[in-house]
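Take the sequence shown: its letter number 83 is residue 82 in numbering that gives the first Met the number 0, and every next letter is one higher. We put the beta carbon where it would ideally sit given N, CA and C, even for glycine. Here the structure is a predicted model, which is why all the values come from computation and not from measurement. To start, the structure under review is shown below, and the notes come after it.
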Amino acid sequence: MCAPTLHSIQSIHPDAELTVIAGKGPADILRLMLPQAHIIVFDALWQKTVRQLGGYQNEKREKAHNQEAFISLLREQQPDVALIFHPDITANQLVRKANIPYTIGFANAGGGFHLTHPIAQPTNGHQADRNYAISQTYAAIFGQSVPPISRPRIIVPSVDTTLIHHLLAKHSVKPKQAIAIHSIASSPARNWNDAGWNTVTAALVQQGFTPLLLGSKQDKKNNPPFEGSVDLRGEISLSQTAALLSECTLFIGVNSGPGHIAAAVDCPIVSIFSSVNSPTRWGPWGDPQKTIILCHPPAGTSIEPELELHNLPVGITGNPYTDDITPKMVLQAASMLAPELHATT
Numbered sequence: 000m001c002a003p004t005l006h007s008i009q010s011i012h013p014d015a016e017l018t019v020i021a022g023k024g025p026a027d028i029l030r031l032m033l034p035q036a037h038i039i040v041f042d043a044l045w046q047k048t049v050r051q052l053g054g055y056q057n058e059k060r061e062k063a064h065n066q067e068a069f070i071s072l073l074r075e076q077q078p079d080v081a082l083i084f085h086p087d088i089t090a091n092q093l094v095r096k097a098n099i100p101y102t103i104g105f106a107n108a109g110g111g112f113h114l115t116h117p118i119a120q121p122t123n124g125h126q127a128d129r130n131y132a133i134s135q136t137y138a139a140i141f142g143q144s145v146p147p148i149s150r151p152r153i154i155v156p157s158v159d160t161t162l163i164h165h166l167l168a169k170h171s172v173k174p175k176q177a178i179a180i181h182s183i184a185s186s187p188a189r190n191w192n193d194a195g196w197n198t199v200t201a202a203l204v205q206q207g208f209t210p211l212l213l214g215s216k217q218d219k220k221n222n223p224p225f226e227g228s229v230d231l232r233g234e235i236s237l238s239q240t241a242a243l244l245s246e247c248t249l250f251i252g253v254n255s256g257p258g259h260i261a262a263a264v265d266c267p268i269v270s271i272f273s274s275v276n277s278p279t280r281w282g283p284w285g286d287p288q289k290t291i292i293l294c295h296p297p298a299g300t301s302i303e304p305e306l307e308l309h310n311l312p313v314g315i316t317g318n319p320y321t322d323d324i325t326p327k328m329v330l331q332a333a334s335m336l337a338p339e340l341h342a343t344t
């Protein structure tokens with residue numbers, strides 16, 4: 000979500016050295032989108048979401064040590080400007096302690112007085128558009144014009160394209176038959192039911208397509224593959240995943256990282272989007288003509304305000320935030336993007 004802003008900063012000052020500090024998941028994707036940048040992996044353990052996703056214990060000593068490490072990292076880099084994308088009062092405070100000349104960030108969560116240039120994050124539009132307020136402020140500070148925002152793109156390395164060609168040939172899969180499937184998100188509240196996935200993948204196989212399963216080694220360990228699929232979970236890197244998606248006829252998946260990678264390589268997308276998040280804000284930012292987002296909040300509820308749930312409430316059956324999405328809806332959406340596919344179940 001920050002890549003368009005960082006691209007614009009690079010275009011304003013093309014000779015500047017760009018260093019990006021990000022958590023492991025975002026860092027891997029940013030390496031693909033910002034090949035000229037220096038990417039440093041750092042998990043901000045003071046943030047609740049980071050601790051949940053990483054399985055960290057809630058220990059004050061651990062968080063305090065992590066904050067000191069962040070200040071040391073900033074001082075080591077000695078930047079002229081720091082851009083803080085996440086509205087985070089702690090991050091704003093820590094950046095101030097690093098004595099950076101220019102600090103630009105969002106003050107929505109508080110702590111704006113710690114920054115030299117606090118700004119309010121816009122409350123409408125896609126998150127990439129909201130983040131672009133940082134680029135506009137940066138341009139104003141240095142008397143430059145801000146370039147128009149553009150969708151993030153991934154230029155796939157030829158070595159990865161060659162590897163994927165060999166991989167598809169190994170499994171006797173032609174690109175026109177290949178449909179990428181990402182069925183497991185890191186947040187359980189974003190997942191769809193197994194029955195739905197079984198129905199959809201069975202329909203794809205019946206029509207001569209091959210579902211290619213994307214995900215982690217842990218996904219592979221905990222979830223058996225769908226019948227007739229090729230299980231690539233834990234076997235290819237993110238860069239190779241981008242190469243694979245650039246060859247696929249279609250991507251079908253939950254709202255997670257691979258969907259954003261699909262958008263960045265112009266792969267048609269059917270996104271099964273949990274209503275704990277706003278699709279307008281967090282959906283894959285792909286070509287509108289090639290992107291269909293399915294999001295159906297439970298009856299009597301709304302996606303605004305966002306719930307931002309990670310785990311489902313204890314005792315809940317299924318997932319009420321995705322269960323109203325049916326296999327028929329998914330297959331109908333898929334048939335609109337891949338005319339060779341028929342919307343049958």
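- Query: Nearest CA to the CA of Ile148: which residue from Ile88, Pro296, Tyr131?
  - Reply: Tyr131
- Proximal residues to Glu113 (C-beta, below 6 Å), its chain only, five neighbours per side dropped: Reading off the sequence, residue 113 comes out as His, not Glu. Excluding residues within five positions, the ones whose Cβ falls inside 6 Å are Asn91, Gln92, Arg95.
- Message: Let's see if you can read the secondary structure: which residues bound the alpha helix (DSSP H) around Pro326?
- Response: 326–336
- Task: Kindly list the residues whose CB is nearer than 8 Å to the CB of Asp128, restricted to its own chain and excluding five residues on each side of it in sequence; keep chain order.
- Result: Pro121, Ile148
- Check whether Lys62 and Val40 have beta carbons under 9 Å apart: With respect to Val40, Lys62 sits apart: the two C-beta atoms are not nearer than 9 Å.
- Short check: CB of Phe208 to CB of Thr240, under 9 Å? no
- In terms of DSSP beta bridges, what is Ile112 paired with? The question names Ile, but residue 112 in the sequence shown is Phe. The partner list for Phe112 (beta bridge, DSSP) is empty, contrary to what the question assumes.
- Query: Count the other CB atoms within 10 Å of the CB of Pro304; is the residue buried (16 or more) or exposed (fewer)?
  - Reply: A caution first: Pro304 carries a pLDDT of 49, below 50, which makes its placement in the model too unreliable to give a value.
- Query: Since Leu31 sits in a beta bridge, which residues does DSSP pair it with?
  - Reply: According to DSSP, which records beta bridges pairwise, Leu31 is partnered with nothing at all.
- Task: Would you mind sorting Ile154 into buried or exposed? The rule is 16 or more other CB atoms within 10 Å of its CB.
- Result: exposed
- Query: If you check the beta carbons only, do Thr200 and Ser238 fall under 9 Å apart?
  - Reply: no
- Query: So what's Leu244 in DSSP terms, helix, strand or just coil?
  - Reply: DSSP places Leu244 in the helix class (H, G or I) of the three-state scheme.
- Proximity of Ser273 and Gly258 at Cβ, strictly below 9 Å: no
- Task: Compare the beta carbon distance of Asn318 and Ala188 with 9 Å and say whether it is the shorter of the two.
- Result: yes
- Task: Taking Thr136 and Ile118 to be in contact with their CB atoms under 8 Å, please state how far apart those CB atoms are, rounded to whole angstroms.
- Result: 5 Å
- Message: Using the Cβ count rule (16 or more neighbours within 10 Å means buried), how would you classify Glu58?
- Response: exposed
- Using 8 Å as the Cβ pair cut-off and three pairs as the minimum, do the stretch 286–298 and the stretch 218–227 touch? no
- Close Cβ partners of Leu243 (< 6 Å) along its chain, the five nearest in sequence each way excluded: Ile163
- Distance between Gly104 and Val19 (C-alpha atoms, nearest Å): 14 Å
- To which residues does DSSP link Ser270 through a beta bridge? Gly252, Ile292
- Item | Closest Cα partner of Ala21 within the set Pro13, Leu73, Ala15, Ser10 | Leu73
- Cut-off 7 Å between Cβ atoms - residues of its own chain near Gly109, not counting five sequence neighbours on either side: If you ignore the 5 residues before and after Gly109, its C-beta comes within less than 7 Å of the C-beta of Ile88, all in its own chain and listed in chain order.
- Which residues does DSSP pair with Ile118 in a beta bridge? Phe105
- Query: What residue range is occupied by the uninterrupted alpha helix (DSSP H) comprising His341?
  - Reply: Boundaries for His341: no alpha helix (DSSP H) harbours it, and the DSSP string shows neither H nor E there.
- Item | Contained beta strand (DSSP E) runs [length at least 3] in the stretch 142–216, N- to C-terminal order | 177–181, 209–212
- Message: Quick check on Ile235: does DSSP put it in helix, strand or coil?
- Response: Ile235: coil per DSSP, three-state reduction.
- Message: Quick check on the burial criterion: 16 or more other C-beta atoms within 10 angstroms. Buried or exposed for Gly252?
- Response: buried
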